[in-house]
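K.L.:
First the structure, then my questions, so here it is.
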Amino acid sequence: MADDEKVLDRRGFFGRALGWLGWGSLCAWAAGSSAALLRFVAPAVRYELPRVFKIGRPDEYKIGEVSTRFKDDYQIFVVRTQQGIYALHAQCTHLGCTTNWFQQDRLIKCPCHGTNFSPEGDVLSGPAPAPLRRAAVSLAPDGRIVVDTSEIENRPGRRESARFLVKV
Ligand code: FES
């Protein structure tokens, strides 16, 4: 092969390689853009939590306990006092963030703007304008507690009524 032909052959190879690289980049860009577009137009599905559910028998909770057993699945704390058991909704009354229970401090704290709630749900500090809400509770014939989050109450005096407190 003559020197001129070798040079042309090398040029042809680099030309083709650059062409493939260009097409490859274009395809990668198109795939990335399509994925971003699909993510944008597809609905961000948020499945609704069940509103009525059972949380076990009263004797599964100790007096003074604030249980986080159902927080991940149903967004509630189960609180047992001397008077009975209630289900406290974990959603902050400020802007709706999910609160967390801190056993050592015996406080329910909101990670978003720092509201602290007592185990009764009352605001102790921070910007939340109202106590945490309690969900309706009752005892099923099988002896287990039924929580119904479609009915909620946070007004002192009313939240302690039989509808929101299982007496045990
Ligand atoms: Fe809880 Fe703001 S959302 S303090």
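As numbered in my numbering, residues 5 to 172 make up the sequence shown, in order. By construction, the Cβ of each residue, glycine as well, lies at the ideal position given by its N, Cα and C atoms.
1. What are the boundary residues of the beta strand (DSSP E) that residue 78 is part of?
2. Helix or strand or just coil, what does DSSP make of residue 34?
3. Just the C-alpha distance for residue 103 and residue 120, rounded to the nearest angstrom, thanks.
4. Tell whether a beta-carbon distance below 9 Å holds between residue 140 and residue 168.
5. For residue 93, is the classification buried or exposed, using 16 other Cβ atoms within 10 angstroms of its Cβ as the cut-off for buried?
6. With a Cβ-Cβ cutoff of 9 Å, do residue 149 and residue 62 count as a contact?
7. Under a Cβ-count criterion, where at least 16 other Cβ atoms within 10 Å of its own Cβ denotes burial, should residue 160 be classed as buried or exposed?
8. Cβ of residue 64 within 8 Å of any heavy atom in the ligand GTP?
9. DSSP beta-bridge partners for residue 94?
10. Ignore the nearest five residues each way along the sequence and tell me which others in residue 156's own chain have a CB closer than 7 Å to its CB.
11. Give the range of the beta strand (DSSP E) segment to which residue 143 is assigned.
12. Using a C-beta cutoff of 9 Å, does residue 89 count as contacting chain D?
P.N.:
On the basis of the coordinates in this document:
1. Stepping through the sequence shown from its first residue, residue 78 is reached at position 74. Careful: residue 78 lies outside any beta strand (DSSP E), inside the alpha helix (DSSP H) at 75 to 78.
2. By one-based count along the sequence shown, residue 34 stands at place 30. Residue 34 falls in the helix class under three-state DSSP.
3. Position 99 of the sequence shown, counted from the first residue, corresponds to residue 103. Position 116 of the sequence shown, counted from the first residue, corresponds to residue 120. So the alpha carbons of these two residues sit roughly 9 Å apart.
4. On the sequence shown, position 136 is the one that residue 140 refers to. On the sequence shown, position 164 is the one that residue 168 refers to. In contact: residue 140 and residue 168 (Cβ atoms closer than 9 Å).
5. As a first step, residue 93 is located in the sequence shown; it is residue number 89 there, counting from the start. Classification for residue 93: buried.
6. On the sequence shown, residue 149 is found 145 positions in, with the first residue counted as 1. On the sequence shown, residue 62 is found 58 positions in, with the first residue counted as 1. Yes, these two residues count as a Cβ contact at 9 Å.
7. Here residue 160 refers to the residue found at position 156 of the sequence shown. Per the 10 Å Cβ criterion, exposed.
8. Ligands in the displayed structure: the ligand FES; the ligand GTP is not one of them.
9. Counting from one through the sequence shown, the residue named residue 94 turns up at place 90. DSSP, once it has assigned bridges, lists no residue as partnering residue 94.
10. Here the question's residue 156 lines up with position 152 in the sequence shown. Answer for residue 156: 93, 137, 138, 139, listed in chain order.
11. Residue numbering aside, residue 143 sits at position 139 when the sequence shown is read from its first letter. Note, residue 143: beta strand (DSSP E), 138 to 143.
12. Reference to chain D is not applicable here, since this structure consists of a single protein chain.
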